[in-house]
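The structure appears below as structure tokens.
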Amino acid sequence: MWSNTSRRHWVLSCILEPTTPIIKLDLLGSTVSGHGSNTALLNQPSSISLHMPNTVQTDDTSNVPSNEALGGSCASLAKKREIDDNSRNRCPCLPSLTAGTSQKLLLKSLFSSVSHWTTLISILLFKSCYRCIISLVCKQQKDMAGEALLGAIFGMLLDRLTSKEFINFFRGRKHDESLLKKLKLKLLGLNKVLNDAEDKQITDRAVKDWLDELKDAIYHAEDLVDEIATAVLRCKVEAEYQSGSNQVQSLISSFTILFDDEIDSKLERMIDLLEDFTKEKDVLGLKEVAGQNWSQRLPTTSLVDESCVYGRENDKEEIMKLLLSDGESLLEKSKNNRTMEDEGYECFRELLSRSFFQRSNAKDFFVMHDLVHDLAQSVAGDFCYKLEDGKPCGISENVRHFSYVRGRFDGFDKFKVIKDAKCLRTFLQTDRRTYGKQWLSKKVLDEILSRLTHLRVLSLPRYQIEELPYSISKLIHLRFLDLSYNRINQLPESVCSLYNLETLLLPNCHLLTTLPAELVKLILLRNLDLTGTNLKEMPMHISRLKNLQQLTAFVVGKCSGSGINELKELHSLRGTITIAGLENVTGGSDALEAKLREKKHLEKLVLKWGSTTEDSQKERNVLEKLEPHKHLKHLEIQNYRGTKFPTWLGDQSFCKMESLHLENCEFCFSLPPLGQLPSLKELTIARMPYIRNVGHEFYGESGSLSKPFESLETLHFEEMLEWMQWIQLDAGEFSQLQKLEVVKCPNLIGDLPQKVPSLVRLEIKECPGLVASLERATCVREVVLEECKGVQLEWKGVYSVETLEISSFASLEEFARELSTLTNLKELKVEECPMLLSFPKEMMSLHNLEELSVLRCPKLELPVSVEMSHRYTSLEKLTFFGCERLKSLPLGLFPKLQYLKIQGCINFETLVIPEGTELQNLTSLQSLDISGCNNMVFFPCGGLPAPNMSCLHVFHCKKLKALPEQMHTLLPSLQTVGVWDCPEIVSFPKGGLPSKVRNIGIGNCKKLLGGRRDWGLQTLPSLTRFALYAGSEDVLESFPEEWLLPSTLTTLWIKSMPNLKSLNNRALQLLGSLKYMEIRKCPQLQSLPEEGLSTSLFALQIERCPLLKPRCRMEEGEDWHKIAHIPLINIDGEAVFDGVHLGPVDVADMKFATPPVFMNVEKYQQPTLGVQRPGMGPTQLFSATQPAQVQPTITPADPPPTVQTVDTSNVPGNGLSKDLLMTLTRLFTETSEGLGGSRANPVKKREIEGFQGK
């Protein structure tokens, strides 16, 4: 005899078997799978789009617990345990508020009324967030947890079973209607004992097991009901879409016959299964116990147990994402015609008013009780699983929700743990990182995800996915699909059979140019995010998607069915929409049909014209009729070619407009009266060549009671090439202006506005005729001046300036003494002032100065003598580039100096530690970068006493004979050593390198390479990454030697060994931790070792090895069997991942193992001295994981920690190629952020360390 549990498992396996073979219906080119669900017909609320407002108004905030109770500044540290963005225990699962549209879209639902409390708890557990929100955990909430979570599912099932559409379908198909009644009775009977079971499960293990198994069974019941509902919806959609087609009706009829054959038997098995639970409840002694009616609104309370309050922070919009994660029906259907979005906001406000949430001191953050997490663990049990490093691989068969953190290369092995989790509902990626490129194995899509046919949520953002498998149509329950930031160029037609789909996210899929023609079948679709795509046209008749709440892009077509009038029926649009292709609008009457004035929920509108037109009057009429609703907050108009702006633009009735962007409106001769917009905060006007005067019309009617631009905070003009005059009213305009930026307005003459009392930032670039000076009363803190000789550099009385950047003042010889009055100055950057001779001596009394950068000022003499030892007390970052007068630098002058870079100073000879200098003056130094200093011969005698230095880079110092002495004792924190193109260095210093060194790069140092036996690398217990760039004079024929490298090595680069013929297999086999290996520019390397490469390797990259390349060709090459076990292989840009060919891949993208020195830089042209900025190379670094472009207009005197390079274009090459020079100067210019050193951001440091640990 079977036990009841064994019998249940058998019954469930039967129910899980496909009800019907997948039927492919060829409907005008579409393919439709054979089953699905109908949420609309069955009154099941769906996933919704959400943009959470910046503030949440609560119904009652009088009872909010105090800051002390909620882990505020007065809370006990033991209880508080707050986690911020840089804290040790930062939860990585929740994306940031600005991480993209998908982070604002996942609001599905809360359970009816108060039952949403514990659903939220369960979902929060799924995300493993200890810091999401504030919650009040009291006995009342704990008692109702399981009841609400399971009871709400019961309620939803009962509602669906009794819905009119459901019953009509059953009757129409001549099913046994009594089965529905039996199922309903079983559910009602079990629902009555839930209260009693919840009370007893705490002390009775058998009851707890019974509840867990019951929940699993109810999930299966819900899947079965949803399958039936999908069949209803499928029939309806196909009938409407192809009405009158006999072929379609016949195919649908065939499908329903096959579906009918199985559904009754499945229902019978489910009823039998629930009967087992009914019998067992009697054995367990479970009885009906009256419980509180949680559907009624409870009074708010301020009671809080301070002993269980801990601070946890995160933004509210992520809470909304959590609430959708399992796709269940969590919101009751609105009874007052409000949208589910509105219901969701109301639920959030309700929970906030009850102190379930509480706003923290930080803006838009909330904190949460740890007890909520503990409660969630108890409630959710085995139904939620988060894939984590070090977590046991076992996974419960009951798991429904799965989350993971995205890696650089996610292969089949990573996800095989869920391969057989057929009941999985959620596949959610929870990575916060928004940079770099990542890959997902095609085998995961084809062999794992296609099997998870019960998925409601599928989140796959930021992979290099090029196409979805056709089998996506099997996911008939899918509500939410996130494909953002992928390389998809088209969606398969099978997507159009996902009838339950409510959210489709495609932002920044830049290669996407078309959408499936039958996308309009997805009538439940509410959110369609097309931001950043390159669509050429929209599907015909998109107006059929009447439930759309979010449509971020619409391209006007030329044909009927694709015109702008398709927007007419989309009454519920909200958020942002970009309307492009406006040149295809036939006229004003056509534009009027879009009914933009009626779309009151839109917050941002972007209007874009494409190709040029000769009919300026038509475009003017079109824009006149595209008048939006008066509540619009943000407006952008691009490429408009009318001669005048419409009368509504600038009208005072647009009282909520906060930002306005006018760009490339090239035929307009005047600006609209924008000063009349009472709420306007940001205004950008760019590339309008016919604007010559900005006069009274810009400010609006003089008779207005309000002052012009009374709310404006940011004003930006750019590339106004013919602009000559800016008339000032001196009527109190710009009273709130904080940022004023005027860029590339070469003909603008006269003054800037004088009375700007709130000004914080002033930027003037390439405006040689502009005259400006700062008033004493100003509170400006940041001033950027570039190529604007008319600006007066007089600073007397301007005490507020904290950042000052001055560049391209060709005739400037000296600064005025008033510069020394900037007593609050913290950052000073001076660039390309070729005639500048000196700073005023008084400037050195600026005791608050923290950063000083001097770039390309060849005649500048700096006051850095020993006598100035008490002047630089706050300086932390110091950069000299191209300063020919700099010969030495006394280090003892800078007691707080952390980062020092001396680059391209051709006469620099040495660093100096003056006698009597206290050693603690170097304790702050963390990074030292010396490059392009050909006259430097020695470091200071005795070494550098810098105990906290983590990075030492010495590049292109032709005469340098030795590294600093006593490095092993004086530099105990050193982690990164890079030595490149220093041909006179013979060896490492006596005593070797410090034990904490993790990264070593050596390039083109012939003498140093010759003494490698004395390097002592095997004695370095922390060494994980080693790069050797041997150079053209190298004679090595075999590498590496067995005694050279330690077993701790994880990454090895071998480059530019022209005579290398073989790899030493015995030495490589000793590297048992090796994960990444690159071989590049080894033209004589003929084959790989016979024994193959290490089984520990994850990635292998081979470039410019012509003899080796054909031998490693996939499946065909003689050496393929030696490397076939390696998951990721890249040979000259042709990548193979998990045995699947990825096609051409940019080498620069494969930064999993490649430091900057080995990136493919040949495609970049070496910039000249006058263009390239110091600190910026043609590619970014390992830790940045995203290729950068040459940026000729940026001057990062102190670049971000992940970018530290040098311009060597002014240094004689002595026969070295520019490619080699660039490469030599970039390897190990990574700062400790990427390498985990003391400069690292703690979060990034742990992230990198964790990645390397893998």
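The sequence shown lines up with residues 1 to 1254 when you count with UniProt numbering. Beta carbons are placed, not taken as given, at the ideal position from N, Cα and C, and that holds for glycine.
Compare the C-beta of L524 with all C-beta atoms of chain D and state if any pair is closer than 8 Å.
-> Absent from the structure: chain D. Only one protein chain is present.
Cα-Cα separation, I395 to C423 = 12 Å
Proximal residues to R406 (C-beta, below 6 Å), its chain only, five neighbours per side dropped | Q429, D431, Q438
Simplified DSSP assignment, three categories, for S1062 | strand
Give the DSSP-derived three-state secondary structure of T426 in the structure shown.
-> strand
Entirely within the region 711 to 794 and at least 3 residues each: give me those beta strand (DSSP E) ranges in chain order.
-> 714 to 718, 739 to 743, 761 to 765, 782 to 786
Using the Cα positions of E222 and L185, report the straight-line distance between them to the nearest angstrom.
-> Linking E222 to L185 through their CA atoms gives a straight-line distance of about 15 Å.
Give a yes or no on whether the C-beta atoms belonging to L506 and L483 are separated by under 8 Å.
-> yes
Element boundaries [alpha helix (DSSP H), containing D223] = 205 to 241
Could you pull out every residue in the same chain whose Cβ sits closer than 7 Å to the Cβ of L1036, ignoring the five residues on either side in sequence?
-> A1030, M1057, N1059, L1060
Thinking just about the alpha-carbon of each residue, which of V1140, D1119, A206, T823 is nearest to the one in P1127?
-> V1140
What does F1098 pair with, by DSSP beta-bridge criteria?
-> In the DSSP output, where bridge partners are listed per residue, F1098 has none listed.
Round the Cβ separation of N584 and V556 to the nearest angstrom and send it over; I've been treating them as touching at under 8 Å.
-> 5 Å
Rounded to a whole number of angstroms, what is the C-alpha to C-alpha distance between I637 and A517?
-> 29 Å
Exposure of I1131, with buried meaning 16 or more beta-carbon neighbours within 10 Å = buried
Buried or exposed (CB count within 10 angstroms, at least 16 for buried), E619 = buried
Helix, strand or coil for A1124, going by three-state DSSP, please let me know.
-> In the structure shown, A1124 sits in coil (DSSP, three-state: anything other than H, G, I, E or B).
Could you please give the first and the last residue of the uninterrupted beta strand (DSSP E) stretch that includes M1077?
-> 1076 to 1080
How many whole angstroms separate the CB atoms of N747 and E718, which I take to be in contact at a CB cut-off of 8 Å?
-> Contact flag wrong, Cβ pair sits at about 14 Å.
Drop a sphere of 10 angstroms on the beta-carbon of I1002, count the other beta-carbons inside from all chains shown, and report buried for 16 or more, exposed for fewer.
-> buried
Determine the extent of the beta strand (DSSP E) in which H634 is found, giving its start and end residues.
-> 634 to 638
Near L900, what residues of its chain come up, given a Cβ to Cβ distance below 6 Å and the 5 sequence neighbours on each side ignored?
-> L878, L928
Does DSSP put P890 in a helix, in a strand, or in coil?
-> strand
L1142, enclosing beta strand (DSSP E) - first and last residue | 1140 to 1144
The alpha helix (DSSP H) with L928 in it runs from where to where?
-> That residue, L928, is in no alpha helix (DSSP H); its beta strand (DSSP E) goes 927 to 931.
Taking all protein chains shown into account, do 16 or more other C-beta atoms lie within 10 angstroms of the C-beta of D529, making it buried, or fewer, making it exposed?
-> buried
In whole angstroms, what separates the C-alpha of E786 from that of C767?
-> 8 Å
What is the rounded straight-line gap between the Cα of G750 and the Cα of Q792?
-> 13 Å
Alpha-carbon to alpha-carbon, Q738 and E341 = 35 Å
Look up D410 in the DSSP assignment and say whether it is helix, strand or coil.
-> Residue state, collapsed to three classes: strand.
Can you give me the start and stop residues for the beta strand (DSSP E) that F881 sits inside?
-> 877 to 881
Could you tell me the distance, in whole angstroms, from the CA atom of R160 to the CA atom of F166?
-> 7 Å
Would you kindly check if the distance between the Cβ of P994 and the Cβ of L971 is under 8 Å?
-> yes
Where does the unbroken alpha helix (DSSP H) through F170 begin, and where does it stop?
-> 164 to 172
Give the DSSP bridge partners of K608, in chain order.
-> Q638
When burial is assigned at 16 or more other CB atoms within 10 Å of the CB, is A1027 buried or exposed?
-> buried
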